[in-house]
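Order-wise, the sequence lines are chains A and B.
For the first sequence, position 135 (counting from the first letter as 1) is numbered 135 according to UniProt numbering, and the numbering increases by one without interruption.
For the second sequence, position 37 (counting from the first letter as 1) is numbered 37 according to UniProt numbering, and the numbering increases by one without interruption.
Structure record follows, encoded as structure tokens.
2 protein chains.
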Amino acid sequence: MKTQTATRKSFRREGEDKRREDLIAATLECVAERGLAGATVREIALRAGVTAGLIRYYFPAKDDLISAAYRAVMKRMTVQASDALKSAADDPRDRLNAFVKANLGQPIMDPDNLSLWAGFIAMVHADPAMALAHRDGYLGFRDELEALIRQALLAAGKPAEPVHTRRHAIAVNAIIDGLWLEGCLAGDIFADGELAETGIAAIEAVLAISLNPEKGGAI
Amino acid sequence: MKTQTATRKSFRREGEDKRREDLIAATLECVAERGLAGATVREIALRAGVTAGLIRYYFPAKDDLISAAYRAVMKRMTVQASDALKSAADDPRDRLNAFVKANLGQPIMDPDNLSLWAGFIAMVHADPAMALAHRDGYLGFRDELEALIRQALLAAGKPAEPVHTRRHAIAVNAIIDGLWLEGCLAGDIFADGELAETGIAAIEAVLAISLNPEKGGAI
DNA sequence: CCGGTATTTATACGCTTGCATAATTAGAGC
DNA sequence: GCTCTAATTATGCAAGCGTATAAATACCGG
Numbered sequence: 001m002k003t004q005t006a007t008r009k010s011f012r013r014e015g016e017d018k019r020r021e022d023l024i025a026a027t028l029e030c031v032a033e034r035g036l037a038g039a040t041v042r043e044i045a046l047r048a049g050v051t052a053g054l055i056r057y058y059f060p061a062k063d064d065l066i067s068a069a070y071r072a073v074m075k076r077m078t079v080q081a082s083d084a085l086k087s088a089a090d091d092p093r094d095r096l097n098a099f100v101k102a103n104l105g106q107p108i109m110d111p112d113n114l115s116l117w118a119g120f121i122a123m124v125h126a127d128p129a130m131a132l133a134h135r136d137g138y139l140g141f142r143d144e145l146e147a148l149i150r151q152a153l154l155a156a157g158k159p160a161e162p163v164h165t166r167r168h169a170i171a172v173n174a175i176i177d178g179l180w181l182e183g184c185l186a187g188d189i190f191a192d193g194e195l196a197e198t199g200i201a202a203i204e205a206v207l208a209i210s211l212n213p214e215k216g217g218a219i
Numbered sequence: 001m002k003t004q005t006a007t008r009k010s011f012r013r014e015g016e017d018k019r020r021e022d023l024i025a026a027t028l029e030c031v032a033e034r035g036l037a038g039a040t041v042r043e044i045a046l047r048a049g050v051t052a053g054l055i056r057y058y059f060p061a062k063d064d065l066i067s068a069a070y071r072a073v074m075k076r077m078t079v080q081a082s083d084a085l086k087s088a089a090d091d092p093r094d095r096l097n098a099f100v101k102a103n104l105g106q107p108i109m110d111p112d113n114l115s116l117w118a119g120f121i122a123m124v125h126a127d128p129a130m131a132l133a134h135r136d137g138y139l140g141f142r143d144e145l146e147a148l149i150r151q152a153l154l155a156a157g158k159p160a161e162p163v164h165t166r167r168h169a170i171a172v173n174a175i176i177d178g179l180w181l182e183g184c185l186a187g188d189i190f191a192d193g194e195l196a197e198t199g200i201a202a203i204e205a206v207l208a209i210s211l212n213p214e215k216g217g218a219i
């Protein structure tokens with residue numbers, strides 16, 4: 001171990017992936033608590049336990065870090081929703097049910113996630129890179145949803161033509177997003193699970209099927 | 001007319017209300033184009049055709065101006081939706097139909113409005129004043145919606161008990177908000193009026209009535 | 001153990017920010 | 001026309017921002 005200069009802090013090196021992850025995680029914490037304006041490079045660096053210059057080593061500009069953070073939080077929510085499918089029963093109606101409930105419950109429906117999402121979304125209009133990232137995410141989510149809807153309709157013995165499933169996917173996506181907003185922004189005035197139930201009921205009405213296979217095919 | 005000093009710009013005085021409105025309007029333009037970060041006092045002042053010191057004369061701190069701007073944009077959207085009711089036919093189903101279509105069409109469903117809304121919403125978690133403003137707006141909107149829903153249900157000869165209308169209002173609010181998001185964020189991939197139609201169809205399914213009185217009461 | 005280099009700290013730069021304050025002047029009232 | 005004052009311009013301040021860069025050093029490989 002070499003002797004250090006009197007004033008320089010000792011440090012350990014980390015791998016590039018870990019460093020990036022840590023910086024992104026620190027960014028998300030800052031944004032969640034204080035919005036994008038609160039996520040200064042100094043604050044992020046402090047959170048990550050490094051100094052500000054290190055950020056620039058791993059991300060050429062702050063915008064690159066912000067962009068990476070956005071993609072990370074979107075991916076996190078997507079993975080959390082998909083994970084719910086892994087433990088869902090095999091019937092497609094159960095799967096759609098589980099997917100909706102995952103999106104309308106913890107940890108996805110959370111005020112921190114709302115702050116993160118809104119902070120980034122506000123930049124979509126002005127920033128083409130953010131706009132592209134959002135578009136990709138939206139279409140990916142909707143396609144996944146459309147596939148789940150198609151399978152649920154077929155399992156209930158109902159027709160599932162693409163023009164209809166597309167329209168259903170748009171509507172169901174809206175129900176999920178809208179209730180997610182309500183839950184994140186005003187979660188304290190709803191009973192536990194209330195919004196998930198409300199979402200399931202609305203989606204059952206829109207699709208005209210039950211998302212509980214024991215109840216039979218169509219409503 | 002007094003002679004001016006050589007270096008000082010000539011000016012005209014305006015009334016307090018006009019000045020506040022102009023400053024708020026300038027703020028909204030800045031936020032819509034560049035997000036909250038782009039709405040510096042210098043930029044806002046430039047937009048409003050005044051100098052930065054004047055902002056402080058009318059608003060004690062920048063936060064006060066931001067808060068006023070948020071309330072103004074929310075009020076604008078509320079008024080635009082209510083205006084649609086004024087020209088709707090008298091049947092409550094027509095009224096709910098008109099309300100939904102107003103919220104899912106221009107000028108409410110607009111990328112500028114989304115940028116404004118998201119920029120402000122991102123601060124709800126961290127700022128109690130913003131949180132309170134949002135809560136007031138949400139409950140006001142939902143109450144208005146619930147009243148429209150109740151009247152539409154009654155006009156269709158269906159029961160309208162408060163526990164059900166509350167739940168319907170939450171779901172319909174979600175549909176409107178969710179589709180509004182889709183339309184603001186990805187409006188270019190939808191046909192004209194497509195989202196309004198999707199919204200009407202979804203809401204008709206949730207309420208199990210038609211929002212077109214000529215088609216009769218229940219679906 | 002030593003050398004080399006990639007990683008990290010520390011510091012500085014130029015610019016921007018919200019706020020403070022003094023000076024000027026438009027315009028209302030007499 | 002004159003006086004007064006509220007409204008407005010102009011300017012400055014201190015702090016903070018993202019970025020730049022030099023120096024130090026952890027640690028890998030030979």
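Glycine included, each C-beta is placed from N, C-alpha and C at the ideal position.
DSSP state of residue i, grouped into three classes?
i	result
residue 108(B)	coil
residue 20(A)	helix
residue 5(A)	Since pLDDT at residue 5(A) reaches only 48, below the 50 mark, its modelled position is unreliable, and no value is offered.
Less than 8 Å between the CB atoms is what I'm expecting for residue i and residue j, so what's the real figure, rounded?
i	j	result
residue 198(A)	residue 179(A)	6 Å
residue 37(A)	residue 135(B)	Incorrect: roughly 22 Å between the Cβ atoms, too far for contact.
residue 116(A)	residue 28(A)	6 Å
residue 97(A)	residue 200(A)	6 Å
residue 173(B)	residue 150(B)	Contact flag wrong, Cβ pair sits at about 14 Å.
residue 155(A)	residue 91(A)	6 Å
residue 61(B)	residue 44(B)	Actually they do not touch by this definition, with Cβ atoms about 13 Å apart.
Do you know whose CA, among the options, lies nearest residue i's CA?
i	options	result
residue 125(A)	11(B), 30(B), 9(B)	30(B)
residue 24(B)	14(B), 35(B), 73(B), 204(B)	73(B)
residue 145(B)	175(B), 185(B), 19(B), 71(B)	175(B)
residue 41(A)	34(A), 51(A), 32(A)	51(A)
residue 32(B)	187(A), 112(A), 28(A), 123(A)	123(A)
residue 11(A)	111(A), 54(A), 76(A)	54(A)
residue 213(B)	157(B), 138(B), 9(B)	157(B)
residue 93(B)	153(B), 76(B), 190(B)	153(B)
residue 20(B)	71(B), 7(B), 8(B)	71(B)
residue 160(A)	209(A), 127(A), 129(A), 141(A)	209(A)
residue 120(A)	188(B), 7(B), 34(B)	34(B)
residue 14(A)	57(A), 140(A), 189(A)	57(A)
residue 138(B)	112(B), 8(B), 75(B), 162(B)	75(B)
residue 78(B)	18(B), 9(B), 166(B), 140(B)	140(B)
residue 177(B)	7(B), 147(B), 203(B)	203(B)
residue 39(A)	8(A), 66(A), 9(A)	66(A)
residue 193(B)	106(B), 9(B), 83(B)	106(B)
residue 166(A)	9(B), 148(B), 166(B), 189(B)	189(B)
Confirm, please, whether the CB-CB distance from residue j to residue i is below 8 Å.
i	j	result
residue 220(B)	residue 108(B)	Chain B is shown from 1 up to 219; residue 220(B) falls before or after that span and cannot be answered.
residue 206(A)	residue 168(A)	yes
residue 226(A)	residue 59(A)	Any property of residue 226(A) remains undetermined from this structure, which presents chain A solely from 1 to 219.
residue 104(B)	residue 181(B)	no
residue 64(B)	residue 184(B)	no
residue 88(B)	residue 95(B)	yes
residue 85(B)	residue 99(B)	yes
residue 118(B)	residue 118(A)	yes
Go through the segment 34-108 of chain B residue by residue and report every complete run of the beta strand (DSSP E) that reaches 3 residues or more, in order.
none
Ranges of the alpha helix (DSSP H) found wholly within the segment 114-185 of chain B, counting only runs of at least 4:
128-155
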